[in-house]
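In this note's numbering, the protein residues as written are 4 to 326.
Note that the Cβ used here is the ideal one computed from N, Cα and C, for glycine as well.
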């Protein structure tokens with residue numbers, strides 16, 4: 004059996020004259036937690052929909068759990084679970100009742116279904132939540148219930164689409180830990196998110212999709228290090244005036260500037276050491292400089308570097324906020 008649960012070769016989807024996904028080549032290992040990151044309209048959702056057999060590719064090939072999405076869609080669907088806004092539970096039923104109903108729809112024998120339900124509830128510590136009506140659950144437990152429901156038939160691959168959207172930070176952290184357990188159990192997870200920092204916290208590898216193309220793929224740490232033309236410094240400088248920040252942003256090679264008193268963070272696409280000229284500007288302008296140090300770029304800064312500027316990340320965040 005292949006060591007990869009997802010394999011695509013030249014996967015392409017065209018709508019009329021618009022190419023939504025362009026020649027996508029991807030391999031996701033069994034048991035991997037793989038992140039798909041990209042702005043709305045980049046091809047992220049279209050890719051997932053093709054992999055879930057919801058839409059057919061225009062050309063190219065994709066296999067999920069060893070089955071071809073075009074010629075063996077029923078086998079693909081038997082081996083995947085999907086959690087998205089369009090997949091909901093019956094809110095007047097308990098979590099347990101929902102799982103029994105889904106098990107019946109999947110054709111699981113009653114004894115096997117009861118064993119699976121008990122296994123899932125024990126694994127993820129549902130306790131009394133199992134017998135609560137779905138409408139009485141918190142947002143975090145509702146999302147967990149959706150994930151458990153998607154696992155009732157023991158799928159090999161699980162697609163999680165924006166599962167932390169709308170959750171408070173503490174609940175989002177708990178849900179990420181919950182998802183990590185799935186991979187420890189051997190489930191392959193594809194995680195899509197509009198939260199730029201999230202893949203760094205949870206994913207084994209990340210693919211960045213932009214204008215229908217997979218432009219970069221790798222472990223989050225390797226991904227940021229591989230951007231050889233991107234350098235980042237942090238300067239400790241308290242009470243910095245906004246006018247100075249604007250001057251730094253005006254540098255041709257500066258791609259992103261953030262300031263959270265007292266830390267000024269500057270990323271530069273040139274790849275050289277920009278600390279000397281930044282410090283010189285600050286000192287000549289009367290600012291206090293306590294320390295300067297180079298740091299590893301974040302995934303967000305790598306995204307800015309790869310896609311051509313900070314205005315793209317602003318568009319990304321603006322579009323994501325409208326979801």
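Presumed contact (8 Å Cβ cut-off) between residue i and residue j, rounded CB distance
{"i": "residue 28", "j": "residue 38", "result": "Contact doesn't hold; Cβ gap of about 17 Å is too wide."}
{"i": "residue 238", "j": "residue 298", "result": "Contact doesn't hold; Cβ gap of about 11 Å is too wide."}
{"i": "residue 212", "j": "residue 45", "result": "5 Å"}
{"i": "residue 143", "j": "residue 111", "result": "Actually they are not in contact, since the Cβ atoms of residue 143 and residue 111 sit about 27 Å apart, beyond 8 Å."}
{"i": "residue 92", "j": "residue 148", "result": "6 Å"}
Buried versus exposed call for residue i [16 or more other C-beta atoms within 10 Å across all chains shown]
{"i": "residue 255", "result": "exposed"}
{"i": "residue 101", "result": "buried"}
{"i": "residue 246", "result": "exposed"}
{"i": "residue 74", "result": "exposed"}
{"i": "residue 52", "result": "buried"}
{"i": "residue 121", "result": "exposed"}
{"i": "residue 200", "result": "exposed"}
{"i": "residue 19", "result": "exposed"}
{"i": "residue 41", "result": "buried"}
{"i": "residue 303", "result": "buried"}
{"i": "residue 114", "result": "exposed"}
{"i": "residue 267", "result": "buried"}
{"i": "residue 8", "result": "buried"}
{"i": "residue 138", "result": "exposed"}
{"i": "residue 146", "result": "buried"}
CB of residue i within 7 Å of CB of residue j, strictly
{"i": "residue 16", "j": "residue 195", "result": "no"}
{"i": "residue 136", "j": "residue 97", "result": "yes"}
{"i": "residue 160", "j": "residue 218", "result": "no"}
{"i": "residue 191", "j": "residue 34", "result": "yes"}
{"i": "residue 22", "j": "residue 210", "result": "no"}
{"i": "residue 259", "j": "residue 307", "result": "yes"}
{"i": "residue 262", "j": "residue 233", "result": "no"}
{"i": "residue 10", "j": "residue 30", "result": "yes"}
{"i": "residue 332", "j": "residue 240", "result": "Summary: the structure shown does not reach residue 332, with the chain confined to residues 4 through 326, and so no result is reported for it."}
{"i": "residue 282", "j": "residue 269", "result": "no"}
{"i": "residue 305", "j": "residue 182", "result": "no"}
{"i": "residue 124", "j": "residue 116", "result": "no"}
{"i": "residue 222", "j": "residue 205", "result": "no"}
{"i": "residue 56", "j": "residue 24", "result": "no"}
{"i": "residue 106", "j": "residue 155", "result": "yes"}
{"i": "residue 54", "j": "residue 186", "result": "no"}
N-terminal and C-terminal residue of the alpha helix (DSSP H) that residue i is part of
{"i": "residue 219", "result": "Here residue 219 belongs to no alpha helix (DSSP H); instead the beta strand (DSSP E) covers 216-221."}
{"i": "residue 175", "result": "172-187"}
{"i": "residue 80", "result": "76-81"}
{"i": "residue 123", "result": "113-126"}
{"i": "residue 145", "result": "142-153"}
{"i": "residue 106", "result": "98-108"}
{"i": "residue 282", "result": "278-287"}
{"i": "residue 249", "result": "245-252"}
{"i": "residue 205", "result": "201-205"}
Bounding residues of the beta strand (DSSP E) (the contiguous stretch that carries residue i)
{"i": "residue 56", "result": "First-last for residue 56: undefined, no H or E at that position."}
{"i": "residue 45", "result": "Counting along the chain, residue 45 falls outside any beta strand (DSSP E), and DSSP gives it neither H nor E."}
{"i": "residue 350", "result": "The structure shown has nothing for residue 350, since the chain only spans 4 to 326."}
{"i": "residue 29", "result": "21-32"}
{"i": "residue 131", "result": "First-last for residue 131: undefined, no H or E at that position."}
{"i": "residue 66", "result": "62-67"}
{"i": "residue 267", "result": "266-271"}
{"i": "residue 237", "result": "234-239"}
With a threshold of 8 Å, are at least 3 pairs of Cβ atoms found where one atom belongs to the segment 81-92 and the other to the segment 153-171?
yes
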